[in-house]
Amino acid sequence: MRITTKCIGSSAIVVGLVVSTLIGGDIFIRQAESTAQDTQAKNAKALTTILKINVALNNQVAALKDIILLRRDTASLVKYQDALTAFVTDLSELENLNPGIASELGKIRDRHSLLAELVTELTSQSHIEKPLELAESQQDFRVINAFSRDIELYLDVLIQKLQKQDVLAKQEFEHFKHNTQLVRQILILSMLLVFVGQLLLILLPVIRSIQKLQQGAAIIGKGNLEYRLNIQTKDEIEQLADAFNQMAATLAESYRSLEGKKELADRANRAKSEFLANMSHELRTPLNGILGYAQILQRDRNLTTKQQNGLRIIHQCGSHLLTLITDILDLSKIEAQKMELYNHDFHFPAFLQSVVEICRIRADQKGISFIYQPTSDLPIGICADEKRLRQVLINLLGNAIKFTEKGGVKFDVSCVEQPSLTENSQQITKTIRCQIADTGIGMSQEQVAKIFLPFEQVGDTKKQSEGTGLGLAISQKIVQLMGSKIQVKSELGQGSTFWIDLDLQESADWIQSAKVVTDGRIVGIANGKRRILIVDDKWENRSVVVNLLEEIGFEMAEATDGQEALEKALQFLPDLIITDLTMPVMDGFELTRRLRQMPEFGELVIIVSSASVFESDEHKSIGVGADDFLPKPVHADDLLEKLQKYLQIEWIYENGPGKSDRETLINTHQQTSSGVAVPKKIIGITGNKRKILIVDDNIENSSVIINLIGDMGFEIAEAFNGQEGLDKAVQFQPDLIITDFAMPDMDGLEMSRRLRRLTEFQELPIIFSSTDIFQSEAHQSLESGSNDFLLKPVQADKLFEKLQQHLQFEWIYESPQEQKTLEVTSVNAQQKSTDSIVIPPEEIEQLLELAMRGNIKAIREQAQQLKNLDEKFVPFAEELLQLAKSFQIEKIKEFIQLYREGEQ
Numbered sequence: 001m002r003i004t005t006k007c008i009g010s011s012a013i014v015v016g017l018v019v020s021t022l023i024g025g026d027i028f029i030r031q032a033e034s035t036a037q038d039t040q041a042k043n044a045k046a047l048t049t050i051l052k053i054n055v056a057l058n059n060q061v062a063a064l065k066d067i068i069l070l071r072r073d074t075a076s077l078v079k080y081q082d083a084l085t086a087f088v089t090d091l092s093e094l095e096n097l098n099p100g101i102a103s104e105l106g107k108i109r110d111r112h113s114l115l116a117e118l119v120t121e122l123t124s125q126s127h128i129e130k131p132l133e134l135a136e137s138q139q140d141f142r143v144i145n146a147f148s149r150d151i152e153l154y155l156d157v158l159i160q161k162l163q164k165q166d167v168l169a170k171q172e173f174e175h176f177k178h179n180t181q182l183v184r185q186i187l188i189l190s191m192l193l194v195f196v197g198q199l200l201l202i203l204l205p206v207i208r209s210i211q212k213l214q215q216g217a218a219i220i221g222k223g224n225l226e227y228r229l230n231i232q233t234k235d236e237i238e239q240l241a242d243a244f245n246q247m248a249a250t251l252a253e254s255y256r257s258l259e260g261k262k263e264l265a266d267r268a269n270r271a272k273s274e275f276l277a278n279m280s281h282e283l284r285t286p287l288n289g290i291l292g293y294a295q296i297l298q299r300d301r302n303l304t305t306k307q308q309n310g311l312r313i314i315h316q317c318g319s320h321l322l323t324l325i326t327d328i329l330d331l332s333k334i335e336a337q338k339m340e341l342y343n344h345d346f347h348f349p350a351f352l353q354s355v356v357e358i359c360r361i362r363a364d365q366k367g368i369s370f371i372y373q374p375t376s377d378l379p380i381g382i383c384a385d386e387k388r389l390r391q392v393l394i395n396l397l398g399n400a401i402k403f404t405e406k407g408g409v410k411f412d413v414s415c416v417e418q419p420s421l422t423e424n425s426q427q428i429t430k431t432i433r434c435q436i437a438d439t440g441i442g443m444s445q446e447q448v449a450k451i452f453l454p455f456e457q458v459g460d461t462k463k464q465s466e467g468t469g470l471g472l473a474i475s476q477k478i479v480q481l482m483g484s485k486i487q488v489k490s491e492l493g494q495g496s497t498f499w500i501d502l503d504l505q506e507s508a509d510w511i512q513s514a515k516v517v518t519d520g521r522i523v524g525i526a527n528g529k530r531r532i533l534i535v536d537d538k539w540e541n542r543s544v545v546v547n548l549l550e551e552i553g554f555e556m557a558e559a560t561d562g563q564e565a566l567e568k569a570l571q572f573l574p575d576l577i578i579t580d581l582t583m584p585v586m587d588g589f590e591l592t593r594r595l596r597q598m599p600e601f602g603e604l605v606i607i608v609s610s611a612s613v614f615e616s617d618e619h620k621s622i623g624v625g626a627d628d629f630l631p632k633p634v635h636a637d638d639l640l641e642k643l644q645k646y647l648q649i650e651w652i653y654e655n656g657p658g659k660s661d662r663e664t665l666i667n668t669h670q671q672t673s674s675g676v677a678v679p680k681k682i683i684g685i686t687g688n689k690r691k692i693l694i695v696d697d698n699i700e701n702s703s704v705i706i707n708l709i710g711d712m713g714f715e716i717a718e719a720f721n722g723q724e725g726l727d728k729a730v731q732f733q734p735d736l737i738i739t740d741f742a743m744p745d746m747d748g749l750e751m752s753r754r755l756r757r758l759t760e761f762q763e764l765p766i767i768f769s770s771t772d773i774f775q776s777e778a779h780q781s782l783e784s785g786s787n788d789f790l791l792k793p794v795q796a797d798k799l800f801e802k803l804q805q806h807l808q809f810e811w812i813y814e815s816p817q818e819q820k821t822l823e824v825t826s827v828n829a830q831q832k833s834t835d836s837i838v839i840p841p842e843e844i845e846q847l848l849e850l851a852m853r854g855n856i857k858a859i860r861e862q863a864q865q866l867k868n869l870d871e872k873f874v875p876f877a878e879e880l881l882q883l884a885k886s887f888q889i890e891k892i893k894e895f896i897q898l899y900r901e902g903e904q
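Oh and the sequence shown: position 20 is 20 in my numbering, straight run, nothing missing.
1) Could I get the ranges of all uninterrupted beta strand (DSSP E) runs contained in the region 310-396, with 3 residues as the minimum, in chain order?
2) If you run the structure through DSSP and keep just helix, strand and coil, what is residue 559?
3) Shortest alpha-carbon distance to residue 108 belongs to which of 190, 539, 54 and 628?
4) For residue 147 and residue 45, what's the separation of their Cα atoms in angstroms?
5) With which residues is residue 259 paired in a DSSP beta bridge?
6) Using a Cβ-Cβ cut-off of 7 Å (strictly less than) and excluding sequence neighbours within five positions of residue 479, which residues of its own chain qualify?
7) Have a look at 252, 195, 231 and 200 and flag the residue whose alpha-carbon is nearest the alpha-carbon of residue 222.
8) Check each candidate in 117, 205, 574 and 97 and name the one with the smallest Cα separation from residue 595.
9) Please classify residue 599 as buried or exposed, where buried requires at least 16 neighbouring CB atoms within 10 angstroms.
10) How should residue 727 be labelled, buried or exposed, when 16 other C-beta atoms within 10 angstroms of its C-beta is the threshold for buried?
11) Given residue 362, which residues of its chain have a CB within under 6 Å of its CB, disregarding the five upstream and five downstream residues?
12) Below 8 Å on the Cβ atoms is my contact criterion, and I expect residue 732 with residue 693 to pass it. Report the Cβ-Cβ distance as a whole number of Å.
13) At which residue ranges does the region 713-770 contain complete alpha helix (DSSP H) runs of 4 or more residues, listed in the order of the chain?
14) Going by the CB atoms, is the gap between residue 606 and residue 627 shorter than 8 Å?
15) Do three or more CB pairs link the region 10-28 to the region 206-223 at distances below 8 Å?
16) Taking contact to mean 3 or more Cβ pairs, one atom from each stretch, closer than 8 Å, check whether the region 741-752 and the region 701-715 are in contact.
17) Compare the beta carbon distance of residue 625 and residue 506 with 8 Å and say whether it is the shorter of the two.
18) Are at least three pairs of beta-carbons, each pair with one atom in the region 527-542 and one in the region 576-595, less than 8 Å apart?
19) Does DSSP classify residue 530 as helix, strand or coil?
20) Would residue 800 and residue 685 be called neighbours here (beta carbons separated by less than 8 Å)?
21) Which residue marks the beginning of the beta strand (DSSP E) containing residue 487, and which one marks its end?
22) For residue 185, count neighbouring Cβ atoms within 10 angstroms of its own Cβ and tell me buried if that reaches 16, exposed if not.
23) Give the DSSP-derived three-state secondary structure of residue 856 in the structure shown.
24) In this structure, does DSSP put residue 608 in helix, strand or coil?
25) Taking Cβ to Cβ, would you say residue 722 is nearer than 8 Å to residue 760?
26) Cα separation between residue 183 and residue 36?
27) Under three-state DSSP, which class holds residue 498?
28) Check whether the region 559-569 and the region 543-550 touch, using three or more Cβ-Cβ pairs below 8 Å as the test.
29) Using a Cβ-Cβ cutoff of less than 7 Å, which residues in the same chain neighbour residue 13 once the five nearest sequence positions on both sides are dropped?
30) Assuming contact is defined by CB atoms lying nearer than 8 Å, are residue 525 and residue 358 in contact in what I supplied?
31) Taking only the alpha-carbon atoms, compute the straight-line gap between residue 84 and residue 101 and give it to the nearest angstrom.
32) Secondary structure at residue 65, three-state DSSP: helix, strand or coil?
33) On the CB-based measure, 16 or more other CB atoms within 10 Å of its CB, does residue 841 come out buried or exposed?
34) Which residue from 388, 304, 375 and 367 puts its Cα closest to that of residue 339?
35) Quick one: is residue 474 buried, meaning 16 or more other Cβ sit within 10 Å of its Cβ, or exposed?
36) Can residue 229 and residue 255 be called in contact, C-beta distance under 8 Å?
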């Protein structure tokens, strides 16, 4: 039965009963009221009749008295007879009206009969003939009056009785009426209670069923699509439950279908990722050979100028191809959600200036104007991912220049909102707008809608020969990771405007690196000696830092592991600790945690120094309580900058250009730690000959490494898979292994694990070399027991650096030819000489960018690479190195600017 039918039926029954009760009660009340009214009418008529009886009685008494006095007066007799007749008639009428007073009427008749006997006697013949004396007359009057009073008394009693009956009748009616209404109300209330109870009986199952529906919906909502409702109420709820079960079954079927499709999509994504990883390997493998042999051939001193230029073109084209591959892999990283931002503090105006200088060159080459307009309220230092932000800005500016043939490009940088404090922090956040406007070809709305899609390009399709169409897509993804988006406004033929609004934290503690060393070479500390504890399990690493800092005036202490460092810290009470990460007994992470748990070291400055290839280790060290991170090899300028930053040091500088033993010591350590400062061709290494085992299934890869280091005094062996590498390691007993990741039969990971299980190879340095796009291989290699990671294509300077780092030797260089220091004023003359080679413009622009950023370390490395590239670059590079070693950043800028102007 339907719920509505049940409810309507119950309601109809209750309404019918209530109406019947109301009508029945009204009928009963009306009947009682009618009865009471009839009784009252009879009583009123009876009272009237009693009054008439009383009048008739009085008339009889008066007539009798006249008869007595007048002696059978005819008129008196007639009057008496009329009164008697009226009395008898009224008395009978009264009895008919109220039979209940028959007894009282009988008494009246009895008394009246006595009065009638008196009348008979008075009207008899004998009595009439005998004259009445006065006494007898008086006696008769008394008798008549007595009978009359008795009768009147009875009549009064009747009146009182009738009045009482009338009152009682009214009371009974009111009582009946009240009781009837009360009973009616009770009946109605009872029926309502019954109705409510009946509704509850109807609705409780409905409520329980609805609760079951709700629970079922919650269960299915949590993903249990196999759950089914069991409701058998034979009403709409059951129908709803059946529909609900049908819906769940349909959803389950759809979900199974979607799971199948998702599995197919996941397989496709995995296949795509594997394909990209394989393609990365396949593309980088030939590039490794191309770039590697280009570097090898560039070291040949017997090449002609034409050959050197050709090799430089090969190297540049290979690097450009590597950049294109990197763009594709960047997009793959983003799609796989593997791209992360690594924020750090940097000098914002210098950063912008470096971007502008790079792009201005391109604009000048095209003959268009380039206008840079920063506002005065820009922060000095900001915290962001400098590398990715530069990538975005250079891409946007490069596109603007590329598609502008007339007019120019305008680059505006401004603060668009008032600074605000971030939550739970005192750091100031500013919204900075970077806007690039051009007068180029512009875009239609259809083109604007597609420009951020991968592999989409605008403009004349016949001229789209450069790039992959990924720049804007990657830039948009990067900006979205930064919490914003690239916005564009363009009109075909009228140019385009791109802008981004970035919420960037201002770095209040920013210290320009140039501040440490702009006044010359550091020879001491002006404001008191500081204590520094250096923690590293390798003596060579400790020695470099200790020898450098003790000469300046620091009080140094050393520890070989974390446990010893805890004990030394309690005794030595250092102002600053420099610790390695990977050490026996207790590593740097645990040391930092324990120091931060000790009250006396809660504010101690801790700098982590490591050769780790993973940026995650840097973030992890900061997370456990370290104040900063210093990558190995340690460079003097970076170390001194951080010491000044955290210890508030005032340096003492040496005056004058002369070089002392002190400067020689610093420069020696810088070259030793970097392992890349190769003033001329390397011809060997110090100490015993080192054995190196190269394990790679690709002969081109191993050939590059062999040709790079084969003539430097290393003994080299080769293996082409992991199993062969294990066998060769046991036979050859190498000092270091360079292994590929993916190889047939046994890969590099398994080989590394098995080597670490052998006692004689537990300390053997193992370097993995691979074309890893997601850094997953690098992590896996370290977990398997390797010491380092070398990215393919192999760069000569990186290879030399890692060999020196892990094998602890010194390079032996070819005897340098006589060189003269390159003066700034002789740059033009040097370029005009017939045997000189113009330094590539891109190298000059890169050096200028580094100088604008104050990056001494990168300038030194770039100069060293120039020296390796061609011996005719040596004078320029040597002068640059000398300026970098004395930390004269302003003179470096002037030197590069003068060279660039002279070149133009």
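For each residue, glycine too, the CB sits at the ideal point set by N, CA and C.
Once the coordinates are examined:
1) 344-347, 369-374 and 381-384
2) Taking the first residue of the sequence shown as 1, we reach residue 559 at position 559. Looking at residue 559 - three-state DSSP - the assignment turns out to be strand.
3) As a working mapping, residue 108 is identified with position 108 in the sequence shown. Nearest C-alpha to residue 108: 54.
4) As a position in the sequence shown, residue 147 is number 147, starting the count at 1. As a position in the sequence shown, residue 45 is number 45, starting the count at 1. The straight-line gap from Cα to Cα measures roughly 25 Å.
5) Counting from one through the sequence shown, the residue named residue 259 turns up at place 259. In DSSP, residue 259 forms no bridge with anything.
6) Within the sequence shown, numbered from 1, the residue matching residue 479 stands at position 479. 392, 485, 486 and 500, listed in sequence order.
7) If you number the sequence shown from 1, residue 222 lands on position 222. The shortest Cα separation from residue 222 among 252, 195, 231 and 200 belongs to 252.
8) Here residue 595 corresponds to residue number 595 of the sequence shown, with the count starting at 1. Minimum Cα distance to residue 595 is reached at 574.
9) The sequence position of residue 599 within the sequence shown is 599, counting from 1. Result: exposed.
10) In the sequence shown, residue 727 corresponds to position 727, counting from 1. So residue 727 ends up on the exposed side.
11) In the sequence shown, the residue the question calls residue 362 occupies position 362. Result list for residue 362: 401, in chain order.
12) In the sequence shown, the residue the question calls residue 732 occupies position 732. In the sequence shown, the residue the question calls residue 693 occupies position 693. Right, the Cβ-Cβ distance comes to about 6 Å (below 8 Å), so this counts as a contact.
13) 722-732 and 748-757
14) Here residue 627 refers to the residue found at position 627 when the sequence shown is read from its first residue. Here residue 606 refers to the residue found at position 606 when the sequence shown is read from its first residue. Taking 8 Å as the Cβ cut-off, residue 627 and residue 606 qualify as a contacting pair.
15) no
16) no
17) What you label residue 625 is simply residue 625 of the sequence shown in a count that begins at 1. What you label residue 506 is simply residue 506 of the sequence shown in a count that begins at 1. Cβ atoms of residue 625 and residue 506: not closer than 8 Å.
18) yes
19) The residue you call residue 530 lines up with position 530 of the sequence shown. Coil at residue 530, not helix or strand.
20) The residue labelled residue 800 in the question sits at position 800 within the sequence shown. The residue labelled residue 685 in the question sits at position 685 within the sequence shown. No.
21) Numbered from its first residue, the sequence shown carries residue 487 at position 487. Where residue 487 is concerned, the enclosing beta strand (DSSP E) stretches over 487-491.
22) Numbered from its first residue, the sequence shown carries residue 185 at position 185. The residue in question, residue 185, is exposed, as its Cβ has fewer than 16 Cβ neighbours within 10 Å.
23) Counted from its first residue, the sequence shown places residue 856 at position 856. Helix at residue 856.
24) Here the question's residue 608 lines up with position 608 in the sequence shown. Strand, per DSSP.
25) Walking along the sequence shown from the start, residue 722 turns up at place 722. Walking along the sequence shown from the start, residue 760 turns up at place 760. Not a contact, by the Cβ cut-off of 8 Å.
26) Reading the sequence shown from its first residue, position 183 is the one you call residue 183. Reading the sequence shown from its first residue, position 36 is the one you call residue 36. Near 20 Å, if we compare the C-alpha coordinates of residue 36 and residue 183.
27) Residue mapping note: residue 498 aligns to position 498 of the sequence shown, counting from 1. In this structure, residue 498 counts as strand in the three-state DSSP scheme.
28) no
29) As a position in the sequence shown, residue 13 is number 13, starting the count at 1. Result list for residue 13: empty, nothing under 7 Å.
30) For the purposes of this step, residue 525 is taken as the residue at position 525 of the sequence shown. For the purposes of this step, residue 358 is taken as the residue at position 358 of the sequence shown. Contact flag unset, no.
31) Residue 84 sits at position 84 when you count from the first residue of the sequence shown. Residue 101 sits at position 101 when you count from the first residue of the sequence shown. In a straight line, the C-alpha of residue 84 is about 21 Å away from that of residue 101.
32) Mapped onto the sequence shown, residue 65 falls at position 65. Here residue 65 sits in helix by DSSP.
33) Taking the sequence shown and counting its residues from 1, the one referred to as residue 841 is at position 841. That one is exposed.
34) Translated into positions along the sequence shown, residue 339 becomes position 339. Considering only alpha carbons, the answer is 388.
35) The residue given as residue 474 occupies position 474 in the sequence shown. The residue is buried, with at least 16 neighbouring Cβ atoms inside 10 Å.
36) By one-based count along the sequence shown, residue 229 stands at place 229. By one-based count along the sequence shown, residue 255 stands at place 255. No. Outside cutoff.
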